[in-house]
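Take a look at the structure set out below.
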Ligand code: BDP
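Numbering (the numbering used here), first residue to last: 337 to 1030.
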């Protein structure tokens, strides 16, 4: 008994002290120490009974199984054995689907196809990593969304647009001769959470990636990804016929332009026979597009779709467009542009819409285009990289934000027409062309995502893309269990830090529905006083509309009328300032400073209280994390501890900058129960200048 205890203590010490740099993500496959469970698992894997034809994807799956079983159970060899763990295909299951059944000691994994087997193996390993008994297990799953995609905003020179975790993973200068093992590790991590599509380059796309010099490099990545069930996509520059083909125009209705794209697409397929398709940002933020030639987004998308249709590829056309309009409301731009085009896109085009109408803010109402284009498949785009969510110094568990959007009811086809149902095809548009995309947060940092806790966002995105009905709680629990080998109490602590993190961040940055008041260009830290920018809708004043009367953007009938873009039932959530959810109040209303809110406080008081409690909550997160010292790996512990301290510093900057600035409009004292900022508004402005690297 004593020896057992000693062994356990030694094992615990080795977990907390062994080097762990976060590289292994959630795929650690640490030894299972519980002897009973270990014996149970080992019994199932006394051999393998493979009843499937081998394909590269099946081989990947078996390879992964072996790595997992070796790590967790010390199993060295899996011999073919008629009584062993059965792996088979079952054509009754959906494509990519799988089932896992245990009966009388026999474990059977069936896949609808080879990808189903791959996902089934990862699922089984996840069960074991979480130390769930497999006795009587009976589960059957298939993804709700066809394309579960990462969009990399990686540039060919190795930088990443809005990337905070180092340089690009793709070493274009070294490819195709040098092939980093990391490409495989990346694909493996994606496959483990069901991601099956990757666009490798920035939507602000360089045309050069379509040259043969680069296609040979892209091919290397596609060949690796394929073994993990992942299709490769490219972002393309709409002016490529001019830039690369030396044509006089890129007009989508010009026959020479059409011929150029057909030939180029054919060439791409010669390198990558299962190429996924093109992702396009057109007529947005200075990118070229069909409107330069008096053509519509549908004309542009359809021209590309015709080039790619013979090869069974698709076109993903982004709806992130907003013409500069000083008197308008950016909230409405994409809607006004795209709604009239509903039903005008070819069948292999999907329109990709950001989760909210402005731009990846920490809390946004769902985009009014969801539910408004019933005859067009829509893809939902989230931003996993934390451009507006505190870079890599802030913990922000995005599952909460994703779920809020996915679960929003658009009422487009009656109650229950959630955004999730709009995009998964279940409301009637082409179910084979359903998609969800996340702008990747990965980079060359050893731990992939900079902030260790941001790995949870990559993980959660994949898990929700697979099944949007999962809860943020269960996803956090899985991720924490697999990432930290630790006791129940610490697990719960880390899970609760994640679950609270979104609310905390919103409180000290943009409480009550404030939005887009961050620093210029870099989008780091606060700059609520930003009055001038290259475009009016890039300034902060455009969004918060503070004046001596009050604060917030009036989007009701008496204002920009953006609220009227939603179904009347949705409008009810937000239309009346008296009962509008406080989290969305300033998204839709200009509220007087002295207006009493449902909390009993005036707007000014509530604003101050939220900014201050946001900072306090960061202090609580720091204290809670501190409790994990000695319970998790020390390197990981210290790294997150440092980042939380940085977050605290940043939270204080946000609080002081915003409270002092808005005070110049409210002309009221900060409530007496709150300590006064130690810095002046002028000092805050200077500080922000420093951070803006101006
Ligand atoms: C904005 C980013 C910009 C991107 C753009 C987009 O600031 O860098 O190019 O989104 O989605 O939020 O195209």
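Here a beta-carbon is modelled for each residue, glycine too, at the ideal position from N, C-alpha and C.
Please read all numbers here as calculations on a predicted model, not as lab measurements.
- Residue 410 sits exposed, since fewer than 16 C-beta atoms from the chains shown fall within 10 Å of its C-beta.
- Taking the Cβ of residue 695 as the reference point, at least one heavy atom of the ligand BDP falls within a distance shorter than 7 Å.
- Distances taken from the Cβ of residue 706 to the heavy atoms of the ligand BDP include none shorter than 7 Å.
- Residue burial is scored here from C-beta neighbours: residue 851 has at least 16 other C-beta atoms within 10 angstroms and is therefore classed as buried.
- Counting only the Cα atoms, residue 487 lies some 7 Å from residue 537.
- The stretch 347-420 contains, as complete alpha helix (DSSP H) runs of 4+ residues, the segments 371-380 and 392-409 (chain order).
- With 16 or more other Cβ atoms from the protein chains shown falling within 10 Å of its own Cβ, residue 730 counts as buried.
- Within the same chain, Cβ atoms closer than 6 Å to the Cβ of residue 742 are found at 755, 756 and 804, the five residues on either side in sequence being excluded.
- Proximity to residue 993 across 1002, 1013 and 984 peaks at 1013, based on C-alpha coordinates.
- Beta-bridge annotation (DSSP): residue 938 is paired with 932.
- The closest heavy atom of the ligand BDP lies 7 Å or more from the beta carbon of residue 616.
- Apart from sequence neighbours up to five positions away, the residues of its chain that approach residue 482 with a beta-carbon distance below 7 Å are 768, 769, 770 and 771, ordered along the chain.
- Apart from sequence neighbours up to five positions away, the residues of its chain that approach residue 829 with a beta-carbon distance below 7 Å are 960, 963 and 964, ordered along the chain.
- Considering only 612, 593, 613 and 635, the residue with the shortest C-alpha distance to residue 619 is 635.
- Rounded to whole angstroms, the Cβ separation of residue 796 and residue 735 is 4 Å, and the two are in contact under 8 Å.
- About 13 Å separates the beta carbons of residue 641 and residue 677, which is beyond the 8 Å limit, so they are not a contact pair.
- Between residue 997 and residue 865, the C-beta gap is smaller than 8 Å, which places the two residues in contact.
- Look at residue 687 here: in three-state DSSP terms it is strand.
- Counting along the chain, residue 560 sits inside the alpha helix (DSSP H) bounded by residues 548-562.
- At least one heavy atom of the ligand BDP sits closer than 7 Å to the Cβ of residue 656.
- Sequence-distant partners of residue 932 (beyond 5 residues in either direction) whose C-beta falls short of 8 Å from its own C-beta, in its chain, are 938.
- Annotation: the continuous alpha helix (DSSP H) that includes residue 988 extends over 970-1002.
- Counting only residues of its own chain and dropping the five nearest sequence neighbours on each side, residue 556 has a CB closer than 8 Å to the CB of 511, 512, 515 and 519.
- A direct Cα-to-Cα measurement between residue 987 and residue 949 gives close to 10 Å.
- Within the same chain, Cβ atoms closer than 7 Å to the Cβ of residue 833 are found at 731, 957, 960 and 961, the five residues on either side in sequence being excluded.
- At a Cβ-Cβ threshold of 8 Å, residue 879 and residue 726 do not count as neighbours.
- Comparing alpha carbon positions, the residue from 506, 402 and 527 closest to residue 452 is 527.
- The Cβ atoms of residue 438 and residue 467 do not sit closer than 8 Å to each other.
- Annotation for residue 571 indicates a beta carbon at 7 Å or more from all heavy atoms of the ligand BDP.
- Contact fails between the stretch 804-816 and the stretch 916-933, because fewer than three Cβ pairs, one in each stretch, are under 8 Å apart.
- In this structure, residue 947 and residue 847 form a Cβ contact; the two beta carbons are roughly 6 Å apart against a cut-off of 8 Å.
- A distance below 8 Å separates the beta carbons of residue 362 and residue 818.
- Of the candidates 763, 649, 584 and 854, 763 places its Cα closest to the Cα of residue 707.
- Between the stretch 899-908 and the stretch 738-753 there are three or more C-beta pairs closer than 8 Å, enough to call the two in contact.
- In this structure, residue 400 places its C-beta atom within 8 Å of the C-beta atom of residue 458.
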